[in-house]
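**Q** Here you go, one structure.
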Ligand SMILES: [Fe+2]
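In the numbering used here, the protein residues as written are 16 to 220.
Written as structure tokens, this is what we have:
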């Protein structure tokens, strides 16, 4: 997928892995690397199905694997809080795309990825965060990540919730097309899902 003969591509890849290592150190081994890898691999499959040119798939992969990097700016006490978040803490959580954007922008080599990460919680109907942008103002990479990130979050068990079945997660996404999610990206996701494209990604759990 990635052309590592290209020195700038290799530089970007090194930067991505450096950032992942920083996150792992800050989070003391609790970094949800599996989640990020599943989101990244699923995002690339959906992007391919959508017809995204091969040369742009690396942008999607890098954005997806780093999509939640801004959570290191939120703080573990909030991220791992078992009690209901205060409005102030919730606001800080909603700033993680902004923190991630700022971090990646400063690498000087991941500018597009920074913009995609800024938008990965925006919704088709404008109800998302941090800026409440809507529709096709949202970058394609962010619209793809939004769907595969939601799918992964639903089918994963977390401390506070059971995992959903794959079909329930798929139906939730379908029900929220034109609300949270972009319809044309959903069609690509749906095709990948129904053809069993996600099976190899989720077998490794
Ligand atoms: Fe996120």
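Glycine included, C-beta positions come from ideal geometry on N, C-alpha and C.
1. Relative to the C-alpha of residue 207, which candidate in 118, 87, 106, 57 has its C-alpha closest?
2. For residue 161, count the other beta carbons within 10 Å of its own beta carbon; 16 or more makes it buried, fewer makes it exposed. Which is it?
3. Nearest CA to the CA of residue 183: which residue from 165, 193, 197, 93?
4. Name the residue from 170, 152, 155 whose alpha carbon lies nearest to the alpha carbon of residue 180.
5. In the DSSP assignment, find the unbroken alpha helix (DSSP H) run with residue 165 in it and report its ends.
6. Check whether the Cβ of residue 83 sits closer than 7 Å to any heavy atom of ligand 1, and report yes or no.
7. In or out: residue 134 buried (at least 16 other Cβ within 10 Å) or exposed?
8. Can residue 114 and residue 85 be called in contact, C-beta distance under 8 Å?
9. Cβ of residue 27 within 8 Å of Cβ of residue 172?
10. Return the CA-CA distance between residue 117 and residue 39, expressed in angstroms with no decimal places.
11. Which residues does DSSP pair with residue 196 in a beta bridge?
12. Would residue 78 and residue 128 qualify as a contact pair, given that the criterion is a beta-carbon distance under 8 Å?
13. Kindly list the residues whose CB is nearer than 8 Å to the CB of residue 93, restricted to its own chain and excluding five residues on each side of it in sequence; keep chain order.
14. Helix, strand or coil for residue 99? Go by DSSP, reduced to three states.
15. Residues in the same chain with beta-carbon distance under 6 Å from residue 88, minus the five sequence neighbours each way, listed in chain order, please.
16. If you follow the alpha helix (DSSP H) that residue 117 is part of, which residue opens it and which one closes it?
17. The alpha helix (DSSP H) spanning residue 72 covers which residue range?
**A** Taking the coordinates as given:
1. 57
2. Buried, since its Cβ has 16 or more Cβ neighbours within 10 Å.
3. 165
4. Out of 170, 152, 155, 170 has the C-alpha closest to the C-alpha of residue 180.
5. 155-170
6. yes
7. buried
8. Yes, they are a contact pair.
9. Going by C-beta atoms, residue 27 is not nearer than 8 Å to residue 172.
10. 19 Å
11. 192
12. yes
13. Non-local beta-carbon contacts of residue 93 in its own chain, meaning distances under 8 Å to residues more than five positions away in sequence, involve 100, 104, 107, 108 in chain order.
14. coil
15. 114
16. 111-120 is the span of the alpha helix (DSSP H), which, as asked, contains residue 117.
17. 69-80
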